[in-house]
DNA sequence: TCAGATCGTGACATCGTTGTCAGATGCAAC
DNA sequence: GTTGCATCTGACAACGATGTCACGATCTGA
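Residue numbers (our numbering), protein chains in the order written: chain A, 1 to 334; chain B, 335 to 668.
Pasting the structure below:
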């Protein structure tokens, strides 16, 4: 900037005025400064300005998702980006990998860079460590999973309700031997989905004592193995509720290997890419990741615009999409 | 930092020394400063430090991909993030949407934030506008598509070669009536893939004059419509090469609607999620997005570490995965 | 003609941090 | 007791920008 000022033969403050479009600069001066800036390929340094600027905004936002390489997270990310772009805000994205240490590191990295707001998927037991930052006025919105040990905005699917919906769908088609294949119970949504599943069975009067509830499945392979083990047992289920998209895929692979994909019902939580093109089509309780991302970003900007209403939980609806696998009737057995 | 210094009863420079682990500070002073920093929840401001720091690094990197909501881009992004994390560098991610204006805006946003390096997928006719930044020493690596109007590192798949591989695969199974369904020709990779397709046909002695080459397909729906139109013509193809993943999906949908998915061969460029679970399985020329992302990020850090070798083009191999759709023989007709 | 308002401009302090440098302290060796 | 050296510490300037303020020039109206 000093160089631009020197070349244009004006003071640095005048350059600043021109760059920022402030009023009360003569047309000739503007022209001179613009010309000098172009010759020198001048790009203002956003961070330096920030240091002094009144609002102290970095026009930057931190987003922490399960993994940027995951369709659900990708859709959330894209929605956040689109909202942020309208506000001239850039997005830092990081992957959580369901690792509490990574959560800490990512949040620290964001805070050291003085992001204006945080959109977080978390896995650690408590997010109380964010309390000071909240007091400082940084808006924090939790997505997908609700926070613990702290109160702040959250945008989530109704996991228990969606799981119950899936379960009811199977019950209504006459299934009584259901199995639940879920993710690791440290994950809040995994617990909620299991709760929804079991409560719905309870409401239907199905004894839950002998219902196979497998947990700790985190990828396709573990889900596949768990499914095969399930069919190796004396009384295999006629219907499966898989509580996560990678788990659903693992289950599909296993059912195919076993040749049971046309006689075992399956409803998954969270949509699966190309689920409608498989045979049978995969019935799922779909979340709305775009809606989640957009709502979260809009909440951040509302807070930045001075919305001081109490922290709220926004629930983005899920919906059941039947495509075939969830409509398979129970096997008739002797 | 001034507050920490005041609370600890030391000078700001000493606090700086403690925070940055510089030597020659007494143990008691370190303890006092640490205690004060903890009480005040002090987080150093990376950007302020940067302003003065000798190397001038922001420990920040800009990544521009097709869309963060896209499996290919997600995998690239994830690989970049993993390499960056090891270097303590955070990643800004933006979506290009094949819009030249968005390219400009995103790059400007990155440069105003003084990223240490750029990893770019581009769509504008020329990236000559980056020349000043390159002279300034900012490393720029192009991914997926090569730059125009400028020389810099690039990490790409061999698109022409991969397309030729797909085409040869179909020719070897006896197909002579092939069709090419491709993306918009402003996209460099789309042109390359078309070239590979046509050149391979030429090598095989197939007259390319009447070969249907449809271009400008950018999403599932346009590809679906184009495929249906193709089968509405007098002499429909017995094999299709679809040159992009969304196009491949659109083609699959159309073939199913027409009931031709078991008698029309299909090879796609770029992998399709769950391609192995479809019926028939989707034969593709798969790229290695992880490999591309990792190579690009490593190149950035090598440049930052002082590698001044000439700009190089790194080619990440593609490989053909046969899963069924590409192995369907030509229809016997009268 | 002159007071007062308005416009255009630059000097200077400042944001939070680090590089430079000089000063203070402690200790060992003479 | 003095010198010399290593260790520890803080004052100060600087990074690139913006906020504040004051100054001179021009304009307006009585």
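For glycine and all other residues, C-beta sits at the position ideal for the given N, C-alpha and C. None of the values given here were measured: they were computed from a predicted structure.
**residue 516 of chain B classed as buried or exposed, judged by whether at least 16 other C-beta atoms fall within 10 angstroms** = Under this definition residue 516 of chain B is a buried residue.
**Counted within 10 angstroms of its Cβ, other Cβ atoms place residue 384 of chain B as buried (16 or more) or exposed** = Its Cβ being crowded by 16 or more others within 10 Å, residue 384 of chain B is buried.
**Asked** In chain order, which alpha helix (DSSP H) runs of at least 4 residues are fully inside the stretch 599-637 of chain B?
**Response** Segments of the alpha helix (DSSP H) lying fully in the stretch 599-637 of chain B: there are none.
**Asked** Comparing alpha-carbon positions, which option in A:132, A:91, A:175 and A:97 lies nearest residue 449 of chain B?
**Response** If we check each option's Cα against that of residue 449 of chain B, A:91 comes out closest.
**Prompt:** Does the beta carbon of residue 109 of chain A come closer than 8 Å to any beta carbon on chain B?
**Reply:** Cβ-Cβ to chain B under 8 Å: yes for residue 109 of chain A.
**Asked** What span of residues does the beta strand (DSSP E) with residue 204 of chain A cover, start to end?
**Response** For residue 204 of chain A, no beta strand (DSSP E) run applies, since DSSP gives it neither H nor E.
**Request:** Assuming residue 47 of chain A contacts residue 447 of chain B (C-beta within less than 8 Å), just tell me the rounded distance between them.
**Result:** Yes, residue 47 of chain A and residue 447 of chain B are in contact; Cβ-Cβ is about 7 Å, under 8 Å.
**Message:** I'd like to check one pair, residue 572 of chain B with residue 602 of chain B: are the Cβ atoms closer than 8 Å?
**Reply:** In this structure, residue 602 of chain B keeps its C-beta atom at 8 Å or more from the C-beta atom of residue 572 of chain B.
**Prompt:** What's the C-alpha gap between residue 668 of chain B and residue 615 of chain B?
**Reply:** Residue placement at residue 668 of chain B is flagged as unreliable, the pLDDT there being 42, under the threshold of 50; a coordinate-derived value is accordingly withheld.
**Message:** Going by DSSP in three states, residue 130 of chain A sits in which element: helix, strand or coil?
**Reply:** In this structure, residue 130 of chain A counts as helix in the three-state DSSP scheme.
**Request:** Just confirm the distance between the C-beta atoms of residue 532 of chain B and residue 523 of chain B, as a whole number of angstroms; I'd bet it's less than 8 Å.
**Result:** Not confirmed; about 15 Å, so no contact.
**residue 391 of chain B versus B:421, B:405 and B:622, residue with shortest Cα-Cα distance** = Comparing Cα-Cα distances from residue 391 of chain B to each of B:421, B:405 and B:622, the minimum goes to B:421.
**Prompt:** Using a Cβ-Cβ cut-off of 6 Å (strictly less than) and excluding sequence neighbours within five positions of residue 246 of chain A, which residues of its own chain qualify?
**Reply:** By the criterion of a C-beta distance shorter than 6 Å, residue 246 of chain A is surrounded in its chain by 219 and 220, once the five residues flanking it on both sides are discounted.
**Contact with chain B by residue 2 of chain A, beta-carbon distance below 8 Å** = No, residue 2 of chain A does not count as interfacial toward chain B.
**Request:** Say whether the stretch 363-376 of chain B touches the stretch 397-411 of chain B, bearing in mind that this needs 3 or more beta-carbon pairs closer than 8 Å, one atom from each stretch.
**Result:** With the cut-off at 8 Å, the stretch 363-376 of chain B and the stretch 397-411 of chain B do not touch.
**Request:** Scan the stretch 28-43 of chain A for residues whose Cβ lies nearer than 8 Å to a Cβ of chain B and list them as they occur along the chain.
**Result:** Against chain B - using a Cβ distance shorter than 8 Å - the residues of the stretch 28-43 of chain A are 41 and 43.
**Message:** Going by DSSP, what residue range makes up the beta strand (DSSP E) through residue 487 of chain B?
**Reply:** Residues 487-491.
**Message:** Quick check on the burial criterion: 16 or more other C-beta atoms within 10 angstroms. Buried or exposed for residue 20 of chain A?
**Reply:** By the 10 Å Cβ count, residue 20 of chain A comes out exposed.
**Short CB-CB distance (under 8 Å) between residue 426 of chain B and chain A** = At least one CB of chain A lies nearer than 8 Å to the CB of residue 426 of chain B.
**Asked** Should residue 347 of chain B be labelled buried (16 or more other beta-carbon atoms within 10 Å of its own) or exposed?
**Response** So residue 347 of chain B counts as exposed.
**Prompt:** Going straight from the alpha carbon of residue 505 of chain B to that of residue 648 of chain B, what length do you get?
**Reply:** Going from the Cα of residue 505 of chain B to the Cα of residue 648 of chain B covers about 29 Å.
**Prompt:** Can the beta-carbon of residue 167 of chain A be found closer than 8 Å to that of residue 146 of chain A?
**Reply:** No, Cβ-Cβ distance for residue 167 of chain A and residue 146 of chain A is not below 8 Å.
**Prompt:** Does the beta carbon of residue 586 of chain B sit closer than 8 Å to a beta carbon anywhere in chain A?
**Reply:** With 8 Å as the cut-off, residue 586 of chain B counts as an interface residue toward chain A.
**Asked** DSSP on residue 232 of chain A, reduced to helix/strand/coil?
**Response** Residue 232 of chain A falls in the coil class under three-state DSSP.
**Asked** According to DSSP, which residues form a beta bridge with residue 76 of chain A?
**Response** Answer is none; residue 76 of chain A lacks a bridge partner.
**Item:** Alpha-carbon to alpha-carbon, residue 361 of chain B and residue 341 of chain B
**Value:** Rounded to whole angstroms, residue 341 of chain B to residue 361 of chain B spans 17 Å at the Cα level.
**Prompt:** Going by Cα to Cα distance, which pick from A:96, A:22 and A:283 is closest to residue 62 of chain A?
**Reply:** Per the Cα distances, A:96.
**Asked** What are the boundary residues of the beta strand (DSSP E) that includes residue 572 of chain B?
**Response** Per DSSP, residue 572 of chain B belongs to no beta strand (DSSP E) and is neither H nor E.
**Prompt:** Excluding five sequence neighbours on each side, which residues of the same chain lie with their C-beta closer than 7 Å to the C-beta of residue 459 of chain B?
**Reply:** Within the same chain, residue 459 of chain B has close Cβ partners 482.
**Message:** Quick check: what's the CA-CA separation for residue 155 of chain A versus residue 55 of chain A?
**Reply:** In this structure, the straight-line span from the alpha carbon of residue 155 of chain A to that of residue 55 of chain A is close to 27 Å.
**Message:** Under 8 Å, Cβ to Cβ, is there at least one residue of chain B near residue 45 of chain A?
**Reply:** Judged by the 8 Å Cβ criterion, residue 45 of chain A is in contact with chain B.
**Asked** If you measure from the beta carbon of residue 279 of chain A to each beta carbon in chain B, is any gap under 8 Å?
**Response** Judged by the 8 Å Cβ criterion, residue 279 of chain A is in contact with chain B.
**Item:** Under 8 Å from the C-beta of residue 81 of chain A: neighbouring residues of chain B
**Value:** Here the neighbours are 402, 427, 428 and 429.
**Item:** Simplified DSSP assignment, three categories, for residue 660 of chain B
**Value:** Collapsing the DSSP output to three states places residue 660 of chain B in a helix.
**Item:** Whole-number beta carbon distance between residue 330 of chain A and residue 180 of chain A, since they are thought to touch under 8 Å
**Value:** No, residue 180 of chain A and residue 330 of chain A are not in contact; Cβ-Cβ is about 17 Å, not under 8 Å.
**Prompt:** Using a Cβ cut-off of 9 Å, which residues of the stretch 216-249 of chain A contact any Cβ in chain B, in chain order?
**Reply:** Look at the stretch 216-249 of chain A: the residues with a C-beta under 9 Å from a C-beta of chain B are 249.
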